[in-house]
């Protein structure tokens, strides 16, 4: 895919409905295309859209071993409800090490995010993407400063094409879609969690204007690093 083709696609898709964007991705890259999902706050919206494009679309999620119990139950609920073609990729860490890190977290000891996010979660995500030509992700520009320039279609250095169908959507559009289709939010949403990842690094937002401000709160960090896969290394990180 050339730079000119990417530019034309992004211009075309800027006002397109996400279902149509996903349908293009599926028809273009099938069978080497999959949606990744964290099964977080409003993840049901993008999953529902993907199912409209292809009821058997491959969906992949990473289980770090540190997910909220509510996330595990929510994932299973949606899997059964929609008969999802779901693959769970488990991060490579021994049960004893997981228990040790959980104990450190419970005791108030900081966890090395460069390890659990950078090395641990990223490695599992790279395995989840193995063999694909197209990666469909749920990035939205309104979520944070680090995501505000997210293209709808991009070509990564690895050759993988990454598609972010809801990049141009607002939170109101997502909420309206959720209501229109009577979709469930993550159980922790009702408790005030607006962005939900691993339990080690997720709190309620500390800034009401920043839905991701509860992630790695108190640190100069808003991303786990998986969306840097296939991109040039930033020397500042």
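Numbering (this note's numbering), first residue to last: 4 to 240. The C-beta atom is built at its ideal place from N, Cα and C for all residues, glycine as well.
Residue environment: residue 34 is assigned as exposed (fewer than 16 neighbouring CB atoms within 10 Å of its CB, all protein chains considered). Residue pairing for residue 165: DSSP places it in a beta bridge opposite 138 and 157. A buried status is given to residue 165, since no fewer than 16 other beta-carbon atoms sit within 10 Å of its beta-carbon.
Counting of Cβ neighbours within 10 angstroms places residue 65 among the buried residues, the total reaching 16 or more. Between residue 62 and residue 31, the C-beta gap is not smaller than 9 Å, which leaves the two residues out of contact. Separation of the CB atoms of residue 192 and residue 44 is rounded to 5 Å, and the pair is thereby assigned contact status at 8 Å.
Checking the DSSP bridge columns, you'll see residue 66 partnered with 93.
Below 8 Å, enough C-beta pairs join the stretch 158-172 and the stretch 8-24 to call them touching: three or more. Between residue 140 and residue 94, the C-beta spacing is not below 9 Å. For residue 191, no alpha helix (DSSP H) encloses it, and the DSSP letter there is neither H nor E.
Cβ contact annotation for residue 138 (same chain, cutoff 6 Å, sequence separation greater than five): 132, 163 and 165, in chain order. The straight-line gap separating the alpha-carbon atoms of residue 135 and residue 125 is approximately 16 Å. The C-beta separation of residue 86 from residue 60 comes to about 12 Å, leaving the pair out of contact by the 8 Å criterion. Unbroken beta strand (DSSP E) stretches of 3 residues or longer found wholly inside the stretch 29-77: 36-39 and 61-66, given in chain order.
Distance between residue 57 and residue 10, taken at the CA atoms: about 25 Å.
Between residue 156 and residue 173, the C-beta spacing is not below 9 Å. In the DSSP assignment, residue 86 falls outside any alpha helix (DSSP H) and carries neither an H nor an E. Residue 195 and residue 188 have their C-alpha atoms some 11 Å from each other. A check of alpha carbon separations from residue 197 across 16, 46 and 91 identifies 46 as the nearest. For residue 128, the secondary structure class from DSSP, reduced to helix, strand or coil, is helix. For residue 182, the uninterrupted alpha helix (DSSP H) run begins and ends at 174-183, by DSSP. Residue environment: residue 36 is assigned as buried (16 or more neighbouring CB atoms within 10 Å of its CB, all protein chains considered).
Here the alpha carbons of residue 143 and residue 78 stand approximately 21 Å from one another.
One alpha carbon belongs to residue 74, the other to residue 130, and they sit about 21 Å apart. Straight-line spacing of the CA atoms in residue 41 and residue 92 works out to 11 Å.
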